[in-house]
Each structure stands twice: as C-alpha cells, then as structure tokens.
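> Numbering (this note's numbering), first residue to last: 11 to 187.
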Amino acid sequence: MNNNYPPNPNDQERERPPYGAPQPPGPRPPLVGLGGWLTVFQIYMYWSLFIALVSIPTYIAVLFLAANEDALPEEVRSVLSLYGDNLQALSVYELIVAIIQFVLLVLMMVLLYTRKKSFPRLAKMYLILSLAFAVIAFFVVPPTSGMVASMIWGAVLTLAWNMYFNRSVRVKNTFIR
Numbered sequence: 011m012n013n014n015y016p017p018n019p020n021d022q023e024r025e026r027p028p029y030g031a032p033q034p035p036g037p038r039p040p041l042v043g044l045g046g047w048l049t050v051f052q053i054y055m056y057w058s059l060f061i062a063l064v065s066i067p068t069y070i071a072v073l074f075l076a077a078n079e080d081a082l083p084e085e086v087r088s089v090l091s092l093y094g095d096n097l098q099a100l101s102v103y104e105l106i107v108a109i110i111q112f113v114l115l116v117l118m119m120v121l122l123y124t125r126k127k128s129f130p131r132l133a134k135m136y137l138i139l140s141l142a143f144a145v146i147a148f149f150v151v152p153p154t155s156g157m158v159a160s161m162i163w164g165a166v167l168t169l170a171w172n173m174y175f176n177r178s179v180r181v182k183n184t185f186i187r
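Here is the structure:
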C-alpha cells in the first residue's frame, strides 16, 4: 500500500517531481502601462493643472488691482511697487503662460490616457517650454533668494524627465510600439 492520496486503485505509484535546485522564474512581463515613474509624472501633471487653474483667476485679479491702484490700501500698494511699472505687463505674461500651460496639460492628459504616440514628444516639449517661461520670468521679476535655486532645480528635473522619456522601456512599450 502506498501513501498517495487519493488512493490509487491500480496500486501504481505516481511519479514524484524531482527535488533539485529551484528553477529561475520565467521571463518578466514587459513594462507596459501607466505605472512606475509615469505615475509620478501623472501626479506632476495633475498638480500643475491645479496650479494653472488657481493662477488664472489670481492673475486676472492682479490685473484688476494694478489698473485700480487708488482702491488699494497703502500696504498693498507698497508691495506692488516692488514690481515697478512691470506689474501689469508681468501679470498679462503670467496669465498667458497659465492659459498655455492649462491647454497643454489637458491635451497631454488626453494623449496620455489614450496612449497616443505623440504623448512623449509633447511631454518633453511642455517641460522645456515651462523651463523657458520660468527663465523669462526670472529676468522680468525682481530676484529673490530662492529663485536661483528654484531655476537650477527646475533645469535638473527637466533634464531628468526628458532623459526618462527618451530612454524608458515603459514609455517605448506603452506609447511608441
């Protein structure tokens, strides 16, 4: 009698699997989809979209305030005087930038979630364009202590994300192939 369960009616023993060294797992599944570092980029896109949505009414309000300086208290006028005569032009510039960023981000999200081939190219363009807008604003706005560090950090992140979109296997499998 053997110890196989269920009992073997023919009294024949079944072959037991050989016990040897564990075999390596099969091939890894391909990196495809919106996971991994693309999740971080999606969070960045949603955050940037939120900032653009908040910025648009803010810059409209600043334009209104700059046009009606007489209605402002003295404390607010002293803060706005730091910008000199550039406040209205700067507000128009920032409003246009916020609208452009909003439109590009909505377009990028549509391309991302429909997995269109043009998404990586548009994402790289958006990152470079955002850095260019920040550099232009840097030369227009009176400098503060954190602006230079912020510009360097933005340039490093733009370079890193552009390298990711150029070299990532997940990006190639999801959007290119």
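Virtual Cβ for every residue (Gly too), placed ideally from N, Cα, C.
Could you check the C-alpha separation between Tyr93 and Tyr103 for me, to the nearest Å?
Position 83 of the sequence shown holds residue 93. Position 93 of the sequence shown holds residue 103. About 14 Å.
> Enumerate in chain order the residues of its own chain whose CB-to-CB distance from Leu141 is below 7 Å, with the five nearest sequence positions on each side excluded.
For this step, residue 141 is matched to residue 131 along the sequence shown. Within the same chain, Leu141 has close Cβ partners Gly164, Ala165 and Thr168.
> Considering only residues of the same chain and omitting the five flanking positions on each side of Ser65, which have a CB-CB separation below 6 Å?
Translated into positions along the sequence shown, residue 65 becomes position 55. For Ser65, where only same-chain residues beyond five positions count, the Cβ hits under 6 Å are Ala108.
> Exposed or buried, Met118, counting other C-beta atoms within 10 Å across all chains shown (16 or more means buried)?
Position 108 of the sequence shown, counted from the start, is the residue given in the question as residue 118. Classification for Met118: buried.
> Do three or more CB pairs link the region 81-98 to the region 121-129 at distances below 8 Å?
By the Cβ rule, the region 81-98 does not count as touching the region 121-129, because fewer than three pairs are nearer than 8 Å.
> I'd like the list of long-range same chain contacts for Ile70, defined as Cβ closer than 7 Å, with 5 residues on each side in sequence excluded.
Numbered from 1 along the sequence shown, position 60 holds the residue referred to as residue 70. So the list reads Leu105, once near-sequence residues are dropped.
> Quick test of your reading: Arg187 and Leu48, contact by CB under 8 Å. State the CB separation rounded to the nearest angstrom.
Counting from one through the sequence shown, the residue named residue 187 turns up at place 177. Counting from one through the sequence shown, the residue named residue 48 turns up at place 38. No, Arg187 and Leu48 are not in contact; Cβ-Cβ is about 15 Å, not under 8 Å.
> I need the straight-line Cα distance from Asn176 to Ile162, nearest angstrom please.
Counted from its first residue, the sequence shown places residue 176 at position 166. Counted from its first residue, the sequence shown places residue 162 at position 152. Rounded to whole angstroms, Asn176 to Ile162 spans 21 Å at the Cα level.
> Taking buried to mean at least 16 other C-beta atoms within 10 Å of its own C-beta, is Tyr174 buried or exposed?
Position 164 of the sequence shown, counted from the first residue, corresponds to residue 174. Answer is buried; the Cβ neighbour count reaches 16.
> Assign Ser88 to one of two classes, buried (16 or more other C-beta atoms within 10 Å of its C-beta) or exposed (fewer than that).
Counted from its first residue, the sequence shown places residue 88 at position 78. Looking at its Cβ environment, which holds fewer than 16 other Cβ atoms inside 10 Å, Ser88 is exposed.
> Assuming Pro40 contacts Asn183 (C-beta within less than 8 Å), just tell me the rounded distance between them.
Taking the first residue of the sequence shown as 1, we reach residue 40 at position 30. Taking the first residue of the sequence shown as 1, we reach residue 183 at position 173. Cβ atoms of Pro40 and Asn183 come within 8 Å of each other, at about 6 Å.
> Counting along the chain, where does the alpha helix (DSSP H) carrying Ser101 start and finish?
Here the question's residue 101 lines up with position 91 in the sequence shown. First-last of the alpha helix (DSSP H) with Ser101: Leu97 to Tyr123.
> Residue range of the alpha helix (DSSP H) that Val86 falls in?
On the sequence shown, position 76 is the one that residue 86 refers to. Looking at the DSSP string, the run of the alpha helix (DSSP H) that includes Val86 is Glu84 to Leu90.
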